[in-house]
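These protein sequence lines map, in sequence, to chains A and B. Just so you know, we're using the working numbering here: the first sequence kicks off at 355 and counts up by one. Just so you know, we're using the working numbering here: the second sequence kicks off at 159 and counts up by one. Here a beta-carbon is modelled for each residue, glycine too, at the ideal position from N, C-alpha and C.
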Amino acid sequence: MIRPAQSLSLTHPLAIMGNTSSMLTQYDIEEVQEHCKHAFSQQEIVSLYQRFCQLDRNGGGFILTDEFLTVPEFAVNPLSQRLLRMLNSLNFKEFVAFLSAFSPRVPLQQKIEFIFKLYDSDNNGKVTFHDMLDVLRDLTGQFISEQQREQVLTRVLEEAGYTKDSMLVLSDFVKILGSSDLKMEVEVPVD
Amino acid sequence: MDTAGMLKPSSSELDLDRPNIEDYLPSGSSINEPRGKLRLRDLLDISPTLTEAAGAIVDDTFTRCFKSNSPEPWNWNVYLFPLWCFGVLVRYFILFPARVIVLTLGWIIFLSTFIPVHSLLKGHDKLRKKLERVLVELMCSFFVASWTGVVRYHGPRPSIRPKQVYVANHTSMIDFIILEQMTAFAVIMQKHPGWVGLLQSTILESVGCIWFNRSEAKDREIVAKKLRDHVQGADNNPLLIFPEGTCVNNHYTVMFKKGAFELDCTVCPIAIKYNKIFVDAFWNSRKQSFTMHLLQLMTSWAVVCDVWYLEPQTLKPGETPIEFAERVRDMISVRAGLKKVPWDGYLKYARPSPKHREKKQQSFAESMLRRLEEK
């Protein structure tokens with residue numbers, strides 16, 4: 355149930371983005387929904403807002419890195435540091451947009467784009483051998499030697515028709531991952 | 159007190175007392191192990207890991223344990239609102255002063271009898287202890303009356319016998335008071351600052367209390383020894399331990415620390431369930447101080463709860479202390495209708511140990527190497 359409250363438009367500088375103690379108005383919800391291209395239902399957005407406020411303990415309108423790391427399930431995830439770089443200083447609207455890649459309503463293309471962005475740490479639209487090695491290192495830690503990691507990566511790259519010096523772009527990722535039955539969905543609990 | 163503050167990285171010493179979390183965490187991912195030769199697609203497809211991370215961002219069992227659910231407002235109507243206002247007036251201006259008077263009276267009676275007993279009967283220890291026990295129980299009854307506590311006790315009352323320890327789930331410091339009014343337990347507690355600390359060091363000292371400091375890892379061994387010594391003594395009050403180590407919101411239980419279960423004695427479980435009908439008794443130490451918490455209770459209609467004294471348990475042959483702890487946690491959770499989560503309560507104050515992430519990395523690495531060999 356959406357309670358009428360002091361309506362702070364999302365475009366207002368002191369908007370809910372910066373003042374999370376206020377409630378979401380219908381207008382706010384619709385704006386967030388527009389921004390994330392209807393990846394979430396209105397009820398889900400309300401739930402996500404409650405979650406956002408819960409994580410944003412100091413009420414600054416942004417969830418800080420430390421606040422994300424108070425969630426143990428997130429802190430033990432091997433890719434948490436890379437994700438934190440993307441999650442840094444997101445306001446609520448951007449937070450929902452970030453999570454929209456995990457909505458079942460969103461096309462595979464968008465999910466692949468998300469994965470690409472995670473690899474492309476310097477944001478130049480190109481994923482290098484080095485980028486892929488970085489992610490592989492996060493995922494395998496000390497249980498594979500650096501040398502072996504490079505060997506494995508080089509081998510699978512070459513088998514797929516690329517080389518160690520290849521710079522992959524988004525369309526490459528789409529080609530490689532597009533045919534797979536990639537499942538990347540998260541359910542937003544709705545009370 | 160329990161400051162949210164900065165999270166410290168978990169030291170290996172803090173791990174000593176903790177059960178192996180890997181045994182309780184959902185094993186690996188629920189996605190089927192992919193088979194077949196390793197391809198580029200398999201290395202680039204990080205979706206399972208990402209899904210787990212996003213799932214944790216959207217909702218996680220650990221944060222749920224400490225969420226205090228604000229009650230639904232029922233005063234949203236034209237005629238319900240004035241009724242609610244009337245209720246507020248009664249609670250704040252009639253009940254609250256009356257309760258303060260009751261509590262003050264209780265303190266006067268208590269102090270005027272406790273202090274003489276404590277100093278005059280120095281030589282007659284047995285009698286003195288008995289009287290002090292009765293007085294502490296009485297004082298706790300006054301406390302419970304000051305919140306209009308409606309407590310139903312089920313099961314056989316605790317008896318004073320050596321080699322037994324009582325464990326209960328933890329929701330607020332008032333758990334201790336509610337149990338103490340029935341039986342003068344000795345308790346192991348975190349030392350608090352302020353007036354609570356003063357109470358701890360004077361009155362609770364008489365029923366026999368053990369102090370620990372959460373942030374001091376070396377403290378752990380000293381405390382473990384004190385526990386063992388206390389339990390062995392025939393004359394000591396029965397020991398009450400809250401193995402969760404922190405206050406949880408009375409909908410979940412977090413993992414029990416094994417300390418209470420390796421003392422080589424009988425463990426008597428106690429389950430406590432609060433009815434939130436008038437007030438939520440969960441003490442969210444991050445949100446309010448204990449004083450504010452008490453004031454909130456004293457300005458509510460009543461604190462309603464059920465206490466079940468469950469069947470004493472001993473370590474079964476071949477059972478480890480951790481399994482024993484989990485078995486007892488299970489009994490308490492079932493009785494009080496609480497859900498179990500596989501998290502250590504101390505994660506409130508420290509980051510998870512890196513070995514959990516390492517376990518995930520290890521399983522990924524092994525799977526990858528295995529598939530490399532396949533044709």
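1) Taking 8 angstroms as the CB-CB cut-off, is Ala-214(B) touching chain A?
2) Which value, in whole angstroms, describes the spacing of the CA atoms of Ala-508(B) and Ile-368(B)?
3) Relative to the alpha-carbon of His-392(A), which residue among Ile-466(A), Gln-496(A), Phe-406(A), Pro-458(A) has its alpha-carbon at the smallest distance?
4) Give me the chain A residues within the contact set of Arg-515(B), using Cβ-Cβ distance strictly less than 9 angstroms, ordered along the chain.
5) I need the boundaries of the beta strand (DSSP E) containing Gln-322(B), first residue and last residue.
6) Since Lys-537(A) meets chain B, which of its residues come closer than 9 angstroms, beta carbon to beta carbon?
7) According to DSSP, is Lys-195(B) part of a helix, a strand, or is it coil?
8) Grab me the residues of Gln-485(A)'s own chain with a C-beta within less than 7 angstroms of its C-beta, minus the 5 sequence neighbours each way, in chain order.
9) Grab me the residues of Asn-371(B)'s own chain with a C-beta within less than 6 angstroms of its C-beta, minus the 5 sequence neighbours each way, in chain order.
10) Note down the Cα distance separating Lys-537(A) from Glu-512(A), rounded to an integer number of angstroms.
11) For Arg-386(B), which option in Leu-362(B), Thr-424(B), Phe-414(B), Leu-357(B) has the closest C-alpha, if you only look at C-alpha atoms?
12) Are at least three pairs of beta-carbons, each pair with one atom in the segment 336 to 353 of chain B and one in the segment 446 to 465 of chain B, less than 8 angstroms apart?
13) Taking only the alpha-carbon atoms, compute the straight-line gap between Gly-479(A) and Lys-431(B) and give it to the nearest angstrom.
14) Rounded to a whole number of angstroms, what is the C-alpha to C-alpha distance between Glu-539(A) and Leu-530(B)?
15) Starting from Phe-440(B), trace the beta strand (DSSP E) both ways and give me its first and last residue.
16) Suppose the cutoff is 7 angstroms on Cβ atoms and the five residues either side in sequence are ignored; what does the same chain contact list for Cys-390(A) look like?
17) Quick check on the DSSP output: the beta strand (DSSP E) that includes Gln-496(A) runs from which residue to which?
18) Against Leu-378(A), what residues of chain B qualify as contacts under a CB-to-CB distance less than 7 angstroms, listed in chain order?
19) Spatial neighbours of Pro-421(A) within its chain, please: CB distance less than 7 angstroms, with the 5 preceding and 5 following residues excluded, ordered by chain position.
20) Nearest to Asp-200(B) by alpha carbon, out of Leu-493(A), Val-544(A), Gln-502(A)?
21) Please list, in chain order, all residues of the same chain as Asn-433(B) whose beta carbon is under 8 angstroms from its beta carbon, the five residues on each side excluded.
22) Should the segment 427 to 442 of chain A be regarded as contacting the segment 507 to 527 of chain B, the criterion being three or more beta carbon pairs within less than 8 angstroms?
23) Whose C-beta lies closer than 6 angstroms to the C-beta of Ala-429(B) among residues of the same chain, with five residues either side of it excluded?
24) Measuring alpha carbon to alpha carbon, tell me which residue in Trp-441(B), Val-325(B), Leu-238(B) is nearest Phe-400(B).
25) Does Val-544(A) have its Cβ less than 8 angstroms from a Cβ in chain B?
26) Please say whether Asn-395(B) and Phe-440(B) have beta carbons closer to each other than 8 angstroms?
27) Quick check: Val-542(A) and Glu-398(A), are their CB atoms within less than 8 angstroms of each other?
28) Any beta carbon from chain A within less than 8 angstroms of Trp-501(B)'s own beta carbon?
29) Under three-state DSSP, which class holds Trp-353(B)?
30) What first and last residue would you give for the beta strand (DSSP E) that runs through Cys-426(B)?
31) Residues of chain B with CB under 9 angstroms from Phe-527(A), in chain order?
32) Report yes if the C-beta distance between Ala-483(B) and Phe-419(B) is below 8 angstroms; otherwise report no.
33) What do you get for Leu-531(A), buried or exposed, if any count of 16 or more other CB atoms within 10 angstroms of its CB means buried?
34) Beta-carbon within less than 8 angstroms of Tyr-291(B)'s beta-carbon, same chain only, minus the 5 sequence neighbours each way: which residues are those?
35) Cα separation between Asp-393(B) and Ser-525(B)?
36) Closer than 9 angstroms between beta carbons: that is the criterion. Which residues of the segment 275 to 308 of chain B meet it against chain A?
With the given structure in hand:
1) yes
2) 23 angstroms
3) By alpha-carbon distance to His-392(A), the top candidate from Ile-466(A), Gln-496(A), Phe-406(A), Pro-458(A) is Pro-458(A).
4) Near Arg-515(B) (Cβ distances below 9 angstroms), the residues of chain A are Ala-429, Val-430, Asn-431, Pro-432, Ser-434, Gly-495.
5) 322 to 326
6) Ile-189, Ser-205, Pro-206, Thr-209
7) coil
8) A small fix is needed here, since residue 485(A) is Asp in this sequence, not Gln. For Asp-485(A), same chain residues with a beta-carbon under 7 angstroms away, outside a window of 5 residues either side, are Tyr-473, Asp-474, Ser-475 in chain order.
9) Asp-377
10) 26 angstroms
11) Thr-424(B)
12) The segment 336 to 353 of chain B is in contact with the segment 446 to 465 of chain B.
13) 56 angstroms
14) 28 angstroms
15) Here Phe-440(B) belongs to no beta strand (DSSP E), and DSSP marks it neither H nor E.
16) Val-450, Ala-451, Ser-454
17) Secondary structure note for Gln-496(A): it is in no beta strand (DSSP E), with a DSSP letter that is neither H nor E.
18) Residues of chain B passing the Cβ test: none, with the nearest at roughly 16 angstroms.
19) One point to set straight first is that residue 421(A) is Glu, not Pro, in the sequence displayed. If we look at Glu-421(A) and ignore the five residues flanking it on each side, its Cβ neighbours are Leu-409, Asp-410, Arg-411.
20) The shortest C-alpha separation from Asp-200(B) is found at Leu-493(A).
21) Val-462, Cys-463, Asp-464
22) Contact holds: three or more Cβ-Cβ distances are below 8 angstroms.
23) Trp-466, Ile-490, Arg-493, Ala-494
24) Val-325(B)
25) no
26) no
27) yes
28) With a threshold of 8 angstroms between beta carbons, Trp-501(B) makes contact with chain A.
29) helix
30) 424 to 433
31) Leu-202
32) yes
33) buried
34) Before going on, a small fix: residue 291(B) reads as Arg here, not Tyr. These residues qualify, in order along the chain: Ala-342, Val-365, Asn-395.
35) 58 angstroms
36) none
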